[in-house]
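Here the structure is laid out as structure tokens; the discussion comes afterwards.
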Amino acid sequence: MTKELLEQGVHYFIGLYTSASRKRILPLLDQFDGLLLYPTQYEGKEAHSSVIYCGPTPNQSLLSFVPWLMQEEGTRFALIGSDYIYPREMNVYLHALMKQYGGSIVRESYFSLGERSFERELNKIEQLRPDVIFSTLVGDSVIHFYEQSELLTPHIPIASTITSETEFAEMQLTGEQRHYSCFPYFQSSTNASNARFLNDFNVPLVSSAMEGAYNCVHLLAEGMNKANHPSEVKTKMTNRMHSAPRGDIFVDPDNQHVHMKTRIGEHEADGRFQVRFESEKRVAPTPFTFLDKKLQRRQRPQSPMTTGSPCYSSRSLNRLVSTLIRSSCSRVTAIC
Numbered sequence: 006m007t008k009e010l011l012e013q014g015v016h017y018f019i020g021l022y023t024s025a026s027r028k029r030i031l032p033l034l035d036q037f038d039g040l041l042l043y044p045t046q047y048e049g050k051e052a053h054s055s056v057i058y059c060g061p062t063p064n065q066s067l068l069s070f071v072p073w074l075m076q077e078e079g080t081r082f083a084l085i086g087s088d089y090i091y092p093r094e095m096n097v098y099l100h101a102l103m104k105q106y107g108g109s110i111v112r113e114s115y116f117s118l119g120e121r122s123f124e125r126e127l128n129k130i131e132q133l134r135p136d137v138i139f140s141t142l143v144g145d146s147v148i149h150f151y152e153q154s155e156l157l158t159p160h161i162p163i164a165s166t167i168t169s170e171t172e173f174a175e176m177q178l179t180g181e182q183r184h185y186s187c188f189p190y191f192q193s194s195t196n197a198s199n200a201r202f203l204n205d206f207n208v209p210l211v212s213s214a215m216e217g218a219y220n221c222v223h224l225l226a227e228g229m230n231k232a233n234h235p236s237e238v239k240t241k242m243t244n245r246m247h248s249a250p251r252g253d254i255f256v257d258p259d260n261q262h263v264h265m266k267t268r269i270g271e272h273e274a275d276g277r278f279q280v281r282f283e284s285e286k287r288v289a290p291t292p293f294t295f296l297d298k299k300l301q302r303r304q305r306p307q308s309p310m311t312t313g314s315p316c317y318s319s320r321s322l323n324r325l326v327s328t329l330i331r332s333s334c335s336r337v338t339a340i341c
């Protein structure tokens, strides 16, 4: 499908959700001089010249999230994730940060994608009494795990870089538990750009991934409208500030990732998040392992190195993108 579209003259793509799907089209983008705007978080270790990365890298969440959780809830963590690259990479970072900040990981477990039964695992976690459960579960597993965790006595808060407003909307929870998520955007953000975004999309609950797709559309429209030639489109998007619902963002010309603020939210009964922490400044992206100084010096765009990303339904992203590109720039072809 991607190759056919490129052969027909389509140059710009917005979307995809898993890193596996993104990496699959990189050779085609190189061959046909295409460009992908990727809307969501991923595990890092990539800076490809044919991609603008609009979601957070691990350093843009974990470097604030881990010490904040340790201060608010305690230093003993249990890790649970779906069994693929994103959770495993994130947990590598978590191990290093816990060691750095004096915390401990009392349990680490992985489950097949789509797993629904967590009673046995929750019993084991309950016996260990961690202060925090850090979840990198994805898809339907998220809903089942959070619902089943309500049986824990006493309650153990769950923290995640994946679970957003739209996942919580699918859960049947009592609303008495503390759950935290870390994203660059929460629907409860109060600024003029977010008000316009919520008015345009007009749905009850919006996630950070949806907002990332919205930003991709407007970045591309701005680049195309300012460019005098197709070869200038990417240049016109990078090395400049852009207004976004999450606040002003800056597209780094060296690694083509976005500088953005980090926010930590506590889930509330109405389905939204109360923002408990917001970084004072935009956090620079470190797409290569931010714990390795040598890799930090290799941030020029280059070939991809690994696979993986949070995988959840991308249909909502595609609906949003399809709607917005029709109103933002007539020179863009909608792709679902």
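Counting in this note's numbering, the sequence shown runs from 6 upward without gaps.
Glycine included, C-beta positions come from ideal geometry on N, C-alpha and C.
In this text, all values refer to a predicted model and were calculated from it rather than measured experimentally.
### Message
Could you tell me the alpha carbon to alpha carbon distance between PRO61 and PHE37, rounded to whole angstroms?
### Response
C-alpha separation (whole angstroms): 27 Å.
### Buried or exposed by the 16-neighbour rule on C-beta atoms within 10 Å, applied to ARG281
By the Cβ-count criterion, ARG281 is exposed, with fewer than 16 other Cβ atoms from all chains shown falling within 10 Å of its own Cβ.
### Task
Look up MET265 in the DSSP assignment and say whether it is helix, strand or coil.
Correct three-state label for MET265: strand.
### Message
Strictly by DSSP, which residues pair up with VAL376?
### Response
This structure leaves residue 376 out entirely; the chain is present only between 6 and 341.
### Message
So, at 6 Å on beta carbons, what are the nonlocal neighbours of PHE18 in its own chain, with the 5 sequence-adjacent residues on each side left out?
### Response
The residues LEU41, in chain order, have a CB closer than 6 Å to that of PHE18 in the same chain once the five nearest residues on each side in sequence are set aside.
### Task
Put ALA174 into one of helix, strand or coil per three-state DSSP.
Three-state result, ALA174: coil.
### Message
How far does the alpha helix (DSSP H) with ILE130 in it extend, from its first residue to its last?
### Response
ILE130 -> alpha helix (DSSP H) spans 124-133.
### Message
My assumption, with CB atoms under 8 Å, is that ILE254 sits in contact with MET242. Please give the rounded CB distance.
### Response
With a Cβ gap of about 11 Å, ILE254 and MET242 do not count as contacting.
### Query
For VAL263, which of ALA232, GLY14, ASN244 and TYR91 has the nearest alpha-carbon?
Comparing Cα-Cα distances from VAL263 to each of ALA232, GLY14, ASN244 and TYR91, the minimum goes to ASN244.
### Message
In the DSSP assignment, the alpha helix (DSSP H) including PHE18 goes from what residue to what residue?
### Response
Premise fails: PHE18 lies in the beta strand (DSSP E), 17-19, not in any alpha helix (DSSP H).
### Query
Considering only residues of the same chain and omitting the five flanking positions on each side of ASN199, which have a CB-CB separation below 6 Å?
Contacts found: PRO250.
### Task
For GLU227, write down the residues that DSSP places opposite it in a beta bridge.
For GLU227, DSSP assigns no beta-bridge partner whatsoever.
### Which of helix, strand or coil DSSP assigns to VAL137
Here DSSP, grouped into helix, strand and coil, assigns VAL137 to strand.
### Task
Could you check the C-alpha separation between GLY119 and SER146 for me, to the nearest Å?
Each residue's Cα considered, the two are about 5 Å apart.
### Query
If we ignore side chains and look at the alpha-carbon of each, how far apart do VAL143 and GLU237 end up?
C-alpha separation (whole angstroms): 37 Å.
#### Entry: Selected residue, minimal CA-CA separation from THR291, among ALA52, GLY20 and THR195
Among ALA52, GLY20 and THR195, the Cα nearest to that of THR291 belongs to ALA52.
#### Entry: Cα-Cα separation between MET310 and ASP88, rounded to whole angstroms
Note on MET310: pLDDT 33, under 50, position unreliable in the model; the coordinate value appears next. Straight-line Cα distance between these residues: approximately 19 Å.
### Message
For GLN279 and GLU271, which I take to be in contact (beta-carbon distance under 8 Å), what is that distance rounded to the nearest angstrom?
### Response
Right, the Cβ-Cβ distance comes to about 5 Å (below 8 Å), so this counts as a contact.
### Task
Report the three-state DSSP secondary structure of ILE167 (helix, strand or coil).
In the structure shown, the three-state DSSP call for ILE167 is coil.
### Query
Does any C-beta atom of chain B lie closer than 8 Å to the C-beta of LYS8?
Of the chains in the structure shown, none is chain B; there is only one protein chain.
### Task
Output the boundary residues of the alpha helix (DSSP H) element that contains LEU10.
Segment 7-12, the alpha helix (DSSP H) holding LEU10.
### Query
If you drop the 5 nearest sequence neighbours on each side, which residues of the same chain put their C-beta closer than 8 Å to that of GLU152?
The residues MET176, GLN177 and LEU178, in chain order, have a CB closer than 8 Å to that of GLU152 in the same chain once the five nearest residues on each side in sequence are set aside.
### Message
With a threshold of 8 Å, are at least 3 pairs of Cβ atoms found where one atom belongs to the segment 61-80 and the other to the segment 178-196?
### Response
Because the criterion of three Cβ pairs below 8 Å is met, the segment 61-80 and the segment 178-196 touch.
### Query
For the alpha helix (DSSP H) that contains TYR190, what are its first and last residues?
Where TYR190 is concerned, there is no enclosing alpha helix (DSSP H), given that its DSSP letter is neither H nor E.
### Message
Assuming GLU51 is part of the alpha helix (DSSP H), what are its boundary residues?
### Response
Per DSSP, GLU51 is not a residue of any alpha helix (DSSP H), being assigned neither H nor E.
### Query
For SER109, which beta-bridge partners are listed by DSSP?
Paired residues: ARG81.
### Query
Taking the Cβ atom as the reference point for each residue, do THR7 and LEU33 lie within a distance shorter than 8 Å?
Yes.
### Query
Based on the DSSP output, what are the partners of GLN279 in its beta bridges?
In DSSP, GLN279 forms a bridge with GLU271.
#### Entry: Residues near PHE123 by beta carbon distance below 6 Å, same chain, minus five either side
Excluding sequence neighbours, PHE123 sits near PHE150 and GLN153.
#### Entry: Which residues DSSP lists as bridging ILE30, in chain order
Looking at the DSSP assignment, ILE30 forms no beta bridge with any residue, so it has no partner.
### Exposure of GLU126, with buried meaning 16 or more beta-carbon neighbours within 10 Å
Under this definition GLU126 is a buried residue.
### Query
Do you know how far the Cα of PRO72 is from the Cα of ARG106?
According to the sequence provided, residue 106 is Tyr. The question's Arg does not apply to it. Between the C-alpha atoms of TYR106 and PRO72 there is a straight-line separation of about 7 Å.
### For LEU157 and ASP259, the rounded distance between their alpha carbons
Our two residues, ASP259 and LEU157, have alpha carbons roughly 46 Å apart in a direct line.
### Task
Consult DSSP for SER3 and reduce its assignment to one of helix, strand or coil.
Only positions 6 to 341 of the chain appear in this structure, which leaves residue 3 out of reach.
### Message
Rounding to the nearest angstrom, what Cα-Cα distance links HIS160 and LEU210 in this structure?
### Response
So the alpha carbons of these two residues sit roughly 26 Å apart.
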